[in-house]
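> Numbering (the UniProt record's numbering), first residue to last: 1 to 603. Ideal Cβ placement from N, Cα and C applies to all residues, glycine included. Note that the structure is predicted; figures quoted are calculated from it, not measured.
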């Protein structure tokens, strides 16, 4: 079945010559004030060969995941060393095209099924010329190889940990990469599931791939599956080579493994004593094994240039990601369909959100029943409109934070793997959110407007609807931007913390002419002012005249005088809508910039 995958994918393993990845004198240093702790990797060296399953072992803090990130090309800043593929210097961009990296916490969209997740991967990763029949054949073969039949139509959020690991492998198998890196593929799994996952990795390796995985504490049963082993301790390589020679190498340095003892546990115990002089012997043995100094001094000039610090030429994100395999419009259609499908299944963010707008609108209508045409209840009606503003804004800003936080890790991984362009993701995200941002405020204002007794005129309703929709969009994009740039707890704190002060300058709590002169300019940059002003003008402006008064005296009987009292006279709702549109445009630009920041921060 693994052979079927290679045959189905263009340029599969059947057409790829055997690979060898050699790395020498690889160092990684953090850039920061704490220089004593900044050296993470120190002159590590080793080799990976096609057809062999390799494990990277070492105690906690040894630099295992860092080494894997460096070798996979996901860390470039602060990296020095020599990387050779079949004896030739590694081209980072070409290497990223032919390799895959499966992180320990491989995040996927939880509201897609296993088959839908694989299908999206196939649609975006395979070349445009791949037919639908070929894609389906590849998916069937991957599901067969990874034994995902039972969960084929199950949502990702409902599958087990082992199935989640296998699915993450299947996503990368779509393009049949000849080099695969795994960061702790057995993390969080029981012994049975761990063994199953490692057996799948062994099959992939023995079919002709380079398969490298970081394993934290393998059992004796798992150790038997590995062909090669790399042992790290405090950023230095104690051993790199075949597992069958590992114990002999350690014994030559004075470390004898007891009989019937797990070799994995033994090398971890030795690694924890890396300050021992005998460990220095191991390090020296490993360096001499790869003949670093002699090889480097006799290497051609183009190979020696591989020692130049990678950060000087590879910091730009474009140099790290492969080119997309399908066109922009196809990317957009696949992403749109995926966003809409996931949103339709999201109970909290969509279904409960719509229900919440309906329930609160009904509650609003009951509390403020038919007060909109009563001169004695004008102040209460203004409070009603201000409540509408608060609910529409917060009801769209806060859920959007959570939605964006769920999508961000998936977006970063897929973008850097060249699935789609930033423009395609950005446009699809904006367009996919349109239906919900239109439905929720429309339902809310439709129910609340007529239950509270506002003027039953189409023009006034249209103006109120437009302002509520713009309010929803503004709240949504503020939440999305915060969710993209900030951790969840900070985003949930920042959004209301920034928004609430602007409420003071909306004109509801204090009239603008009563503000100190140096505070009045803040009103001009408060979008709440234009929202509140627009609603007030839509309801009481445009020649509404005197309001019905059912008491002996009504102070706010004249709608024109009432607007003057609030410093909001004039029939210019269009100006308020235009300003809100400008605010929305600024937020759209800011959202695009936040995506740029997000992907550059992940380097």
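DSSP three-state label for residue 62, please.
Coil at residue 62, not helix or strand.
> Using C-beta distances below 6 Å, list every residue in its chain close to residue 590, excluding the 5 sequence neighbours before and after it, in chain order.
481.
> May I ask you to report which of helix, strand or coil DSSP gives residue 236?
Residue state, collapsed to three classes: strand.
> Quick check on residue 261: buried or exposed, where buried means 16 or more other Cβ atoms within 10 Å of its Cβ?
Its Cβ having fewer than 16 others within 10 Å, residue 261 is exposed.
> Measure from the alpha carbon of residue 66 to the alpha carbon of each residue in 147, 146, 235 and 216, then state which is nearest.
Nearest C-alpha to residue 66: 235.
> Can you tell me whether residue 323 is buried or exposed, with buried defined as 16 or more other CB within 10 angstroms of its CB?
Flag for residue 323 reads exposed.
> By Cβ distance, which residues of its chain are closer than 7 Å to residue 11, with the 5 residues on each side in sequence left out?
Reliability fails at residue 11, whose pLDDT of 44 lies under 50, so the model's placement of it is uncertain and the value that follows must be treated cautiously. None.
> Would you be able to state if there are at least three C-beta pairs under 8 Å between the region 504-511 and the region 556-573?
Contact between the region 556-573 and the region 504-511 is present, because at least three Cβ pairs lie under 8 Å.
> Leaving out five residues before and five after residue 121 in sequence, what residues of the same chain have Cβ atoms less than 6 Å from its Cβ?
171 and 174.
> Taking all protein chains shown into account, decide if residue 475 is buried (16 or more other Cβ within 10 angstroms of its Cβ) or exposed.
Result: buried.
> Can you list, in chain order, the stretches of the alpha helix (DSSP H) that have 4 or more residues and sit fully within the region 148-179?
The qualifying runs are 161-173.
> Could you tell me whether the region 160-168 touches the region 188-201, using the rule of 3 or more Cβ pairs below 8 Å?
Contact between the region 160-168 and the region 188-201 is present, because at least three Cβ pairs lie under 8 Å.
> Applying the criterion that 16 or more other CB atoms from any shown protein chain within 10 Å of the CB defines a buried residue, is residue 384 buried or exposed?
Result: buried.
> Hey, how far is the Cα of residue 428 from the Cα of residue 334?
Residue 428 and residue 334: Cα-Cα distance of roughly 9 Å.
> Within this structure, are the beta carbons of residue 232 and residue 279 separated by less than 9 Å?
Going by C-beta atoms, residue 232 is not nearer than 9 Å to residue 279.
> In three-state DSSP terms, what is residue 304?
In this prediction, residue 304 scores a pLDDT of 39, lower than 50, which makes its location untrustworthy; the coordinate-derived value is nonetheless stated afterwards. Three-state DSSP puts residue 304 in a helix.
> From this set, 580, 113 and 594, which residue's C-alpha is nearest residue 606's C-alpha?
A query on residue 606 cannot be resolved here, the shown segment of the chain reaching from 1 to 603 and no further.
> If distances are taken between C-alpha atoms only, which option among 176, 436, 488 and 458 comes closest to residue 470?
Taking only the C-alpha atoms, the option nearest residue 470 is 436.
> Starting from the C-beta of residue 228, find all residues in its chain whose C-beta is less than 6 Å away, skip the five residues before and the five after it, and write them out in chain order.
Cβ within range, chain order: 52, 54 and 242.
> Would you say residue 328 and residue 532 are within 9 Å of each other, going by their C-beta atoms?
The answer is no: Cβ separation not under 9 Å.
> Residue 366: buried (16+ other C-beta within 10 angstroms of its C-beta) or exposed?
Classification for residue 366: exposed.
> I believe residue 48 touches residue 212 by the beta-carbon criterion, under 8 Å. Please report the beta-carbon distance rounded to the nearest angstrom.
Yes, they are in contact, since the Cβ atoms of residue 48 and residue 212 sit about 6 Å apart, within 8 Å.
> With DSSP as the reference, label residue 416 as helix, strand or coil.
Three-state DSSP puts residue 416 in a helix.
> Using a Cβ distance threshold of 8 Å, determine whether the region 129-136 contacts the region 355-370, with at least three qualifying pairs required.
No contact exists between the region 129-136 and the region 355-370.
> I need the DSSP call for residue 428, collapsed to helix, strand or coil.
Three-state DSSP puts residue 428 in a helix.
> Given residue 444, which residues of its chain have a CB within under 6 Å of its CB, disregarding the five upstream and five downstream residues?
357 and 361.
> First and last residue of the alpha helix (DSSP H) that includes residue 530?
527-540 is the extent of the alpha helix (DSSP H) around residue 530.
> Beta-carbon within less than 7 Å of residue 571's beta-carbon, same chain only, minus the 5 sequence neighbours each way: which residues are those?
Excluding sequence neighbours, residue 571 sits near 537, 541 and 542.
> Count the other CB atoms, across all protein chains shown, that sit within 10 Å of the CB of residue 103; report buried if there are 16 or more and exposed otherwise.
With 16 or more Cβ atoms within 10 Å of its Cβ, residue 103 is classed as buried.
> Taking buried to mean at least 16 other C-beta atoms within 10 Å of its own C-beta, is residue 245 buried or exposed?
That one is exposed.
> Who are the Cβ neighbours of residue 346 in its own chain at under 7 Å, not counting the five residues just before and after it?
Answer for residue 346: 111, listed in chain order.
> With a cut-off of 8 Å on the beta carbons, I'd call residue 502 and residue 526 a contact; round off their distance for me.
Between residue 526 and residue 502 the Cβ distance is about 4 Å, and since that is below 8 Å, they are a contact.
> Nearest to residue 400 by alpha carbon, out of 337, 240, 483 and 29?
The residue with the shortest Cα to Cα distance from residue 400 is 483.
> When the Cα of residue 477 is compared with those of 87, 344 and 392, which residue comes out closest?
Checking every option, the nearest Cα to that of residue 477 belongs to 392.
> Smallest Cα separation from residue 599: which of 98, 330 and 413?
Comparing Cα positions, the closest option is 413.
> Straight-line CA distance for residue 86 to residue 20?
Roughly 5 Å between the two C-alpha positions.
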